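One structure below.
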Amino acid sequence: MAVETVKRLDARALRGDFPIFEEKIKGNPLAYLDSAASSQKPRQVLDRMREAYEHEYANVHRGVYELADRATEAYEGARLKVQRLLNARSRREVVFTRNVTYAMNLIAYAWGLPNLGPGDVAVVTELDHHAVFVPWQYIAGRTGAEFRAIPVDADGELQLDALDEIASAGRVRVVATNYISNTLGTVNPIERLTAWAHEQGAIMVVDAAQAAPHRALDVQALGCDFLGFTSHKMCGPGGAGVLWGREELLAAMEPFETGGEMIRSVKLEGTTWNDLPYKFEAGTPAIVEAVGLGAAVDYLEGIGFDAISEHEHELTAYALERLAELPWVRIFGPPLERRAGIISFEVEGVHPHDVAQILDRHGVAIRAGHHCTQPLMRRLGVAATNRASFYLYSIPEEIDQLVEGLHDVRKVFA
Ligand SMILES: Cc1ncc(COP(=O)(O)O)c(C=O)c1O
Numbered sequence: 481m482a483v484e485t486v487k488r489l490d491a492r493a494l495r496g497d498f499p500i501f502e503e504k505i506k507g508n509p510l511a512y513l514d515s516a517a518s519s520q521k522p523r524q525v526l527d528r529m530r531e532a533y534e535h536e537y538a539n540v541h542r543g544v545y546e547l548a549d550r551a552t553e554a555y556e557g558a559r560l561k562v563q564r565l566l567n568a569r570s571r572r573e574v575v576f577t578r579n580v581t582y583a584m585n586l587i588a589y590a591w592g593l594p595n596l597g598p599g600d601v602a603v604v605t606e607l608d609h610h611a612v613f614v615p616w617q618y619i620a621g622r623t624g625a626e627f628r629a630i631p632v633d634a635d636g637e638l639q640l641d642a643l644d645e646i647a648s649a650g651r652v653r654v655v656a657t658n659y660i661s662n663t664l665g666t667v668n669p670i671e672r673l674t675a676w677a678h679e680q681g682a683i684m685v686v687d688a689a690q691a692a693p694h695r696a697l698d699v700q701a702l703g704c705d706f707l708g709f710t711s712h713k714m715c716g717p718g719g720a721g722v723l724w725g726r727e728e729l730l731a732a733m734e735p736f737e738t739g740g741e742m743i744r745s746v747k748l749e750g751t752t753w754n755d756l757p758y759k760f761e762a763g764t765p766a767i768v769e770a771v772g773l774g775a776a777v778d779y780l781e782g783i784g785f786d787a788i789s790e791h792e793h794e795l796t797a798y799a800l801e802r803l804a805e806l807p808w809v810r811i812f813g814p815p816l817e818r819r820a821g822i823i824s825f826e827v828e829g830v831h832p833h834d835v836a837q838i839l840d841r842h843g844v845a846i847r848a849g850h851h852c853t854q855p856l857m858r859r860l861g862v863a864a865t866n867r868a869s870f871y872l873y874s875i876p877e878e879i880d881q882l883v884e885g886l887h888d889v890r891k892v893f894a
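Here the numbering used here is used: position 44 in the sequence shown is 524, and no number is missing along the way.
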């Protein structure tokens, strides 16, 4: 019987694809530990975008000349790559957006506004990024629906025993949450939440911003109804994102934005809408950014998502081990088995911004702040944390550089 082994990834070799790693930061090699905020870009993506501008650029869809055809082919080709990435049933289910924030707002406005009302409940979690939390809180407020957040325990894991109490607040119509927490790295039980949402007669919305860059996604296996992600965190350019939705739900929804491209016919008496996915793509899209996202999908699939997650898992284990050597560092979040490549921590008695600034002197880039998760910060009883996050190009030496820098932080503030 054949034994399947995960193809290993050679992060040192892959760094050669990323021009940014040739930079020196204050004389040090760059230790880029902020990929959860935005990832670096490989030459393969940069070159593909340049090629698109130099040889395939015009506006898409309406052209009757060769360049417009080339641009349309490149743009629609990127949609097919995303369809394949997600194992979506149809390209009509793949809507290009500006980012995942836009994708989450699109659902909240175009599905939530007409479908929610008094007696209904919109459910998020205490872990969620503001991009999920705020749209549903806002739309619930506007429609008179209840707004509830599934609480987390002290390790930042969802307390699913609270679900019954939440269900007793009314008719649960939507459950929206992130697959992986950008602050704690918690991997949420999405299949379980989806099953619960469907039992309640609710739709399930997944913010996959921190999942799509790191693990294979299969929307049919997940069983959710909508899922969004953002290109700039997965080796692609900024300005592009994706909303995937079940075709029957997207087809039944009214548009979110109106204007060019999303119409079929416009008359003084009224306007009719274009087919999916164009009904949700008003105006000229971010053409070359979508092409760049397609190139990023090819790049990541070429490396292999199993290899990427395995590499990040090993790095996270190493980082947790190294940080545990520092008794004055407090680590937040779940155990390694249920954590992605993200570690939030605080240095006893030192403000996270001071920590990040001193680390910068060592060439170490980490984040300091609330990470757009203020409700979670309140739950953890802190105003802010430091956050280190890893990606396919991260190497153990960067973690060593972080630990060395933290010793310096301690010295400065002792
Ligand atoms: C879990 C999660 N959701 C949503 C977002 C928002 O992404 P964007 O700003 O690209 O819309 C982020 C980015 O930090 C995130 O980590």
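Quick reminder that beta carbons are idealized off the backbone N, C-alpha and C, glycines included. These numbers come from a predicted model, not from an experiment.
Where residue i sits in the DSSP three-state scheme
{"i": "V830", "result": "coil"}
{"i": "W676", "result": "helix"}
{"i": "W808", "result": "coil"}
{"i": "F455", "result": "Lying before the first or after the last residue shown, residue 455 is absent from the chain, which here runs from 481 to 894."}
{"i": "P855", "result": "helix"}
{"i": "N668", "result": "coil"}
{"i": "R867", "result": "strand"}
{"i": "L872", "result": "coil"}
{"i": "A701", "result": "helix"}
{"i": "A642", "result": "helix"}
{"i": "V844", "result": "strand"}
{"i": "F825", "result": "strand"}
{"i": "N539", "result": "coil"}
{"i": "K506", "result": "coil"}
Bounding residues of the alpha helix (DSSP H) (the contiguous stretch that carries residue i)
{"i": "G557", "result": "E546 to L566"}
{"i": "V771", "result": "I767 to I783"}
{"i": "T581", "result": "V580 to I587"}
{"i": "W616", "result": "H610 to T623"}
{"i": "A848", "result": "A848 -> not in any alpha helix (DSSP H); beta strand (DSSP E) instead, spanning R847 to G849."}
{"i": "G885", "result": "P876 to F893"}
{"i": "R523", "result": "R523 to H535"}
{"i": "L494", "result": "A491 to R495"}
C-alpha distance - residue i paired with residue j, whole-angstrom precision
{"i": "Q700", "j": "K561", "result": "16 Å"}
{"i": "E828", "j": "T865", "result": "11 Å"}
{"i": "T581", "j": "D705", "result": "17 Å"}
{"i": "L816", "j": "F870", "result": "14 Å"}
{"i": "Q881", "j": "L839", "result": "9 Å"}
{"i": "L513", "j": "R847", "result": "8 Å"}
{"i": "P669", "j": "Q690", "result": "14 Å"}
{"i": "V540", "j": "T764", "result": "8 Å"}
{"i": "I660", "j": "R818", "result": "10 Å"}
{"i": "K713", "j": "L596", "result": "32 Å"}
Bounding residues of the beta strand (DSSP E) (the contiguous stretch that carries residue i)
{"i": "L723", "result": "G721 to G725"}
{"i": "A629", "result": "E626 to I630"}
{"i": "L707", "result": "F706 to T710"}
{"i": "T577", "result": "V574 to T577"}
Residues that DSSP places opposite residue i in a beta bridge
{"i": "W753", "result": "I743"}
{"i": "V654", "result": "A602 and I683"}
{"i": "R819", "result": "T666"}
{"i": "Y512", "result": "A845"}
Proximity test, residue i beta-carbon vs ligand 3 heavy atom, cut-off 7 Å
{"i": "S874", "result": "Within the structure as shown, ligand 3 is missing, the only ligands being ligand 1."}
Inset, instruction - Considering only heavy atoms of ligand 1, list every residue whose Cβ is less than 5 Å from one of them, following chain order. - result: Spelled out in chain order, the answer is N579, V580, T581, H609, A611, N658, N662, D687, A689, Q690 and T710.
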